[in-house]
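First comes the structure, then the notes that go with it.
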Amino acid sequence: MDILAPTVETNTVEKVTFQYIISHENWIENRNDDGVCESLTVRVHGWTSEYQPPSKTSYHEGIEGPDYSHDSLYISDPFTVVIPEELQTNATFHNHDHDNMDLTNNENYSAAKREWNKLVKESSEYATAIEQVKAQLEAL
Amino acid sequence: MAIGTTNISLGNIYGEVNNTLPGGTNVSLKTQSESASNTGHTSTISGYTSPGGGLTGAPYGMGEFGGYVNALQTVANQTVGSASFAQVATSLQNFVVGGGDWQLVNKSLTAAPGQLQHFWYIEESNSALLGSYNGSPMSTGALYGWHRVVFDSNNIPDSYYVDVNTTITFRDSALQASFSDLAGSGETYSSGNSWDNTVYTLLPTSNSGGTAFKFFFTVNDECDDYGVDFNTNVKIYYKKSGYPDLLAVDRNIQTELDGYWSASICQ
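So the sequence lines, in the order shown, correspond to chains G and H.
All residue numbers for the first sequence refer to the working numbering, where the first residue is 250 and numbers rise by one.
All residue numbers for the second sequence refer to the working numbering, where the first residue is 438 and numbers rise by one.
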């Protein structure tokens, strides 16, 4: 067993953690008449450990967590991420509708969303949007 | 703030020596000279020679304080290497659960006779989070050089503390995500839990046992993927009586957690 390192004093410092959120729950999926998603309108949302959205309860096991589908007061300007044709899909998020689970839809949406997240992160506007929200949170 | 080389005032000397605002009343130059912690100081006034030799000897002179700064001095303070950590978790259940930990470990070593080299290592403490050190995979349990701070015999601090701040970027939101400062393990000494800003005694070079600090991350989501980046800012301060705290290290360490919900049907 490790020995506790000798201490001089214990300081309790309350820390505020900044959180930057990008989520399919609050981006806008711009779909054509056939329901195919061709682009995303994205905003980065800023929260802190002290300033959190209302919580939600998971559908299984009753776990509580922040509901990031809510819009924060601290958000970036919107930016558009165009989805290349090979990454487009008409699949949609299951939205936890247990009575209407569609295996193929869910597989297609998950696969597409992973690629869309990469597109968002690689977009030229992403870093700017993060910095924009960071400035707002630091000013609190 | 360092004292300048012109218009040196007793008030400024008082402020610098005592780590406070310029001022004081009935300030004695002799007392300030004898109280100055930075005894290795040499006046930066061109051509100035200190007849007493340094700050403390008589006769005492205002010019001896030219360029004086009351800061703990280091012989060396440099990055040794850099690491980041990542995990991809997959789940065929309703929940995707990820997380794990890595550690910083420090040891008091000798760099040269009389010097104390406070050497910081980074460690992939288990295989849950895979580490990359200078671009190459890390081996679990091995210590990799991260940072070194070297003090000479006149400037060895009494103690140190780690100030950690974490920023969380959700590339794909999660149900829960958290960071905790937990008791390090596997070395001679453990930090104990809740070590953030706790002040630890700086061990002498005669005791080279390591002290471990654990950085612990958790994340989960329900019937969905997550993608979470923890940016952990680590500041390391050194304390010595008579000096303001020295911020020696201010670096970031990335931990990237991805979780793939592969079940595709929420049960």
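Note that CB positions come from ideal geometry on N, CA and C, so glycine has one too.
Go ahead and label residue 489 of chain H buried or exposed: buried means 16 or more other beta carbons lie within 10 angstroms of its beta carbon, across all protein chains shown. Low per-residue confidence applies at residue 489 of chain H: pLDDT is 48, beneath 50, and the placement is therefore not dependable, though the value from the model is reported in the following sentence. Exposed, by the Cβ-count rule.
Of all the CB atoms in chain G, is at least one closer than 8 Å to the CB of residue 613 of chain H? Yes, because at least one Cβ of chain G sits closer than 8 Å to the Cβ of residue 613 of chain H.
Suppose you measure from the CA of residue 343 of chain G to the CA of residue 702 of chain H; what does that come to, to the nearest Å? Distance between the alpha carbons of residue 343 of chain G and residue 702 of chain H: 9 Å.
So residue 710 of chain H is in the beta strand (DSSP E); what residue range does that whole segment cover? This structure leaves residue 710 of chain H out entirely; chain H is present only between 438 and 704.
Give a yes or no on whether the minimum CB-CB distance between residue 698 of chain H and chain G is below 8 Å. Residue contact check for residue 698 of chain H against chain G: a CB pair falls below 8 Å.
Pair within 8 Å by beta-carbon distance, residue 546 of chain H and residue 645 of chain H: In contact: residue 546 of chain H and residue 645 of chain H (Cβ atoms closer than 8 Å).
Does any C-beta atom of chain H lie closer than 8 Å to the C-beta of residue 373 of chain G? It does not; no Cβ of chain H falls within 8 Å.
Does any C-beta atom of chain G lie closer than 8 Å to the C-beta of residue 670 of chain H? Interface criterion not met: the Cβ of residue 670 of chain H is under 8 Å from no Cβ in chain G.
Of the residues H:501, H:492 and H:590, the one placed nearest residue 443 of chain H, counting alpha carbons only: Looking at the Cα atoms, H:501 is the closest of the given residues.
Taking only beta-carbon atoms, is residue 290 of chain G less than 8 Å away from chain H? No, its Cβ sits nowhere closer than 8 Å to a Cβ of chain H.
Top-ranked residue by Cα proximity to residue 659 of chain H, from G:355, G:309 and G:284: Closest by alpha carbon: G:309.
Spell out whether any CB of chain H is found under 8 Å from the CB atom of residue 355 of chain G. Judged by the 8 Å Cβ criterion, residue 355 of chain G is in contact with chain H.
Alpha carbon to alpha carbon, how far is residue 317 of chain G from residue 595 of chain H? Give it in angstroms, no decimals. Looking at the backbone, the Cα of residue 595 of chain H and that of residue 317 of chain G are separated by about 45 Å.
From the DSSP output, in three-state form, read off residue 569 of chain H for me. Residue 569 of chain H falls in the strand class under three-state DSSP.
Between residue 680 of chain H and residue 451 of chain H, what straight-line distance do the alpha-carbon atoms span, to the nearest angstrom? One C-alpha to the other measures close to 13 Å.
Let me make sure I understand the geometry here. Which of G:251, G:341 and G:304 has the alpha-carbon closest to that of residue 612 of chain H? Nearest in C-alpha terms to residue 612 of chain H, of all of G:251, G:341 and G:304, is G:304.
Would you kindly report the start and end of the unbroken beta strand (DSSP E) that includes residue 358 of chain G? Where residue 358 of chain G is concerned, there is no enclosing beta strand (DSSP E), although the alpha helix (DSSP H) it sits in stretches over 352-371.
Is there a C-beta anywhere in chain H that falls below 8 Å from the one on residue 262 of chain G? It does: the Cβ of residue 262 of chain G has a partner Cβ on chain H nearer than 8 Å.
Give every residue of the same chain whose Cβ lies closer than 8 Å to the Cβ of residue 351 of chain G, excluding the five residues on either side of it in the sequence, and list them in chain order. Counting only Cβ-Cβ distances below 8 Å, and skipping sequence neighbours, we find 343.
With 8 Å as the limit, tell me which residues of the region 560-580 of chain H have their beta carbon closer than that to any beta carbon of chain G; keep them in chain order. For chain G, none of the residues of the region 560-580 of chain H brings a beta carbon within less than 8 Å of one of its beta carbons.
Considering only residues of the same chain and omitting the five flanking positions on each side of residue 508 of chain H, which have a CB-CB separation below 8 Å? Contacts found: 475, 680, 681 and 683.
Can you tell me the Cβ-Cβ gap for residue 537 of chain H and residue 524 of chain H, rounded? I've got them flagged as a contact below 8 Å. Yes, residue 537 of chain H and residue 524 of chain H are in contact; Cβ-Cβ is about 6 Å, under 8 Å.
Straight-line CA distance for residue 674 of chain H to residue 634 of chain H? Taking C-alpha positions only, residue 674 of chain H is separated from residue 634 of chain H by approximately 9 Å.
Which residue from H:704, H:564, H:652 and H:549 puts its Cα closest to that of residue 618 of chain H? By alpha-carbon distance to residue 618 of chain H, the top candidate from H:704, H:564, H:652 and H:549 is H:652.
Where does residue 489 of chain H fall in DSSP's three states? With a pLDDT of 48 at residue 489 of chain H, under the threshold of 50, the modelled position of that residue is not reliable, and no figure is offered here.
Could you check which residue in H:638, H:649, H:460 and H:504 has the C-alpha nearest to that of residue 625 of chain H? The shortest C-alpha separation from residue 625 of chain H is found at H:649.
Along the chain, where does the alpha helix (DSSP H) that runs through residue 450 of chain H open and close? Counting along the chain, residue 450 of chain H sits inside the alpha helix (DSSP H) bounded by residues 447-454.
8 Å CB neighbourhood of residue 482 of chain H in its chain, flanking five on each side removed: The residues are 442, 500, 503 and 504.
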